[in-house]
Amino acid sequence: MNSTYYETVNQLENMGVDPDYLQGWVGGYLGNPQREEQRVSAAYSAGFEDGQNQTTDHAADWAKD
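Numbering (my numbering), first residue to last: 218 to 282.
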């Protein structure tokens, strides 16, 4: 694991993003398979896509107010 992973997870936690987004981001970043269909949420899918692309483009959409 490189420092980008740890720094990004820390940043997302500090932003207060939805836990599903964070779990999706981690799974996508690490190349894990996606959750089974009945457990996938919109936040998870957005996080998974961002993780695969190694970005946080949609993180602000899932930050808690």
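Glycine included, each C-beta is placed from N, C-alpha and C at the ideal position.
I need the straight-line Cα distance from alanine 260 to asparagine 219, nearest angstrom please. Translated into the one-based positions of the sequence shown, residue 260 becomes position 43. Translated into the one-based positions of the sequence shown, residue 219 becomes position 2. Approximately 25 Å, taken between the alpha carbons.
Considering only the beta carbon of each residue, do tyrosine 238 and glycine 268 sit closer than 7 Å? The residue given as residue 238 occupies position 21 in the sequence shown. The residue given as residue 268 occupies position 51 in the sequence shown. No, Cβ-Cβ distance for tyrosine 238 and glycine 268 is not below 7 Å.
Skipping 5 residues on each side, what residues in its chain have a beta carbon closer than 7 Å to that of glutamate 266? Translated into positions along the sequence shown, residue 266 becomes position 49. Answer for glutamate 266: Gly245, listed in chain order.
On the three-state DSSP scale, how would you describe valine 298? The requested residue 298 does not occur in the structure, where the chain is confined to residues 218 to 282.
Can you find the residues in the same chain that come closer than 6 Å, C-beta to C-beta, to histidine 275, ignoring five residues on each side of it along the sequence? Here residue 275 corresponds to residue number 58 of the sequence shown, with the count starting at 1. Ala263, Asp267, listed in sequence order.
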